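*Asks:* Take the sequence shown: its letter number 134 is residue 134 in the working numbering, and every next letter is one higher. C-beta atoms are modelled at their ideal positions from N, C-alpha and C, and glycine is treated no differently. Note that this is a predicted model, so its numbers are computed, not measured.
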Amino acid sequence: PLVNALKTNFIQCDTGRTKHEGGADMRALVVEDEILTAMCLEDQLDAFGIASVGIAADRAEAIRLSADKPDIAFVDMNLRDGPTGTAIARHLVGLGVLVFYVTANPSQLGADRCLALAVIDKPCLEADLRRALALIPPR
Numbered sequence: 001p002l003v004n005a006l007k008t009n010f011i012q013c014d015t016g017r018t019k020h021e022g023g024a025d026m027r028a029l030v031v032e033d034e035i036l037t038a039m040c041l042e043d044q045l046d047a048f049g050i051a052s053v054g055i056a057a058d059r060a061e062a063i064r065l066s067a068d069k070p071d072i073a074f075v076d077m078n079l080r081d082g083p084t085g086t087a088i089a090r091h092l093v094g095l096g097v098l099v100f101y102v103t104a105n106p107s108q109l110g111a112d113r114c115l116a117l118a119v120i121d122k123p124c125l126e127a128d129l130r131r132a133l134a135l136i137p138p139r
C-alpha cells in the first residue's frame, strides 16, 4: 500500500512568490537514478505543462543541470553515487530552486526534511504530484 507522505511530511516555506498558475512557465529538474521512474515523472510533469531541464542520476549531473535554472526539482535520496540527495537539495535550495523529495525512504531525511516543500513517497502517482504542485507558493 502507498503511504502518502504529503499528509505527514510537509513543511511549507514562504518564498515570496506570486500565485502559481498552471505549469506553463515552470521548469523542473528530476534527480533520480532509476531511469524508468525518472521518465515517468518527466511525463507526468509534461502533462501538467512543466518542462524538464533533464534527468540527473547523481550529484555531478544534478549540479551541472542546475545551471539551466530550474524552478523546481524532484530529488530522490539514494542515487547512483550513494545517499547524496540531501546534499543536492541543499545546493538547489541555495540557488532558489523549490525542492520536493521523492523517495521510498522518507525516514532517512531527518532534519533535511525542512529543505523541501513536501516529501512524496514512491511510487509517485499523478494525484500525489498534483497535490505537491498545488503547494508551490505564489510567485
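Looking only at C-alpha atoms, which of Val99, Phe48, Arg131 sits nearest to Pro70?
*Replies:* Ranking the options by Cα distance to Pro70, first place goes to Val99.
*Asks:* Determine the burial state of Asp46: buried for a count of at least 16 other Cβ atoms within 10 Å of its Cβ, exposed for fewer.
*Replies:* Exposed: under 16 other Cβ atoms inside 10 Å.
*Asks:* Whose C-beta lies closer than 8 Å to the C-beta of Pro83 among residues of the same chain, with five residues either side of it excluded?
*Replies:* The residues are Met77, Gln108.
*Asks:* Would you check if there are 3 or more beta carbon pairs closer than 8 Å linking the stretch 86-105 to the stretch 117-125?
*Replies:* Yes, they touch.
*Asks:* Take Asp33 and list the residues in its own chain whose beta-carbon comes closer than 6 Å to its own, dropping the five residues that flank it on each side.
*Replies:* Same-chain partners within the cutoff: Ala57, Leu79, Arg80.
*Asks:* Report the three-state DSSP secondary structure of Gly23 (helix, strand or coil).
*Replies:* Low confidence applies here, because Gly23 scores a pLDDT of 48, under 50, leaving its location unreliable; read the following figure in that light. Three-state result, Gly23: coil.
*Asks:* Roughly how many whole angstroms lie between the Cα atoms of Ala89 and Phe48?
*Replies:* When rounded, the distance between both Cα atoms is 23 Å.
*Asks:* Run through DSSP, which three-state label would Ala127 get?
*Replies:* Ala127: helix per DSSP, three-state reduction.
*Asks:* Could you spell out the range, first to last residue, of the alpha helix (DSSP H) harbouring Ala38?
*Replies:* 35-47 is the extent of the alpha helix (DSSP H) around Ala38.
*Asks:* With DSSP as the reference, please indicate the residues paired to Thr103 in a beta bridge.
*Replies:* Answer by DSSP bridge pairing, in chain order: Asp121.
*Asks:* Pick out whichever of Leu41, Thr37, Gly110 has its Cα sitting closest to the Cα of Arg130.
*Replies:* Among Leu41, Thr37, Gly110, the Cα nearest to that of Arg130 is on Leu41.
*Asks:* According to DSSP, is Ala132 helix, strand or coil?
*Replies:* In this structure, Ala132 counts as helix in the three-state DSSP scheme.
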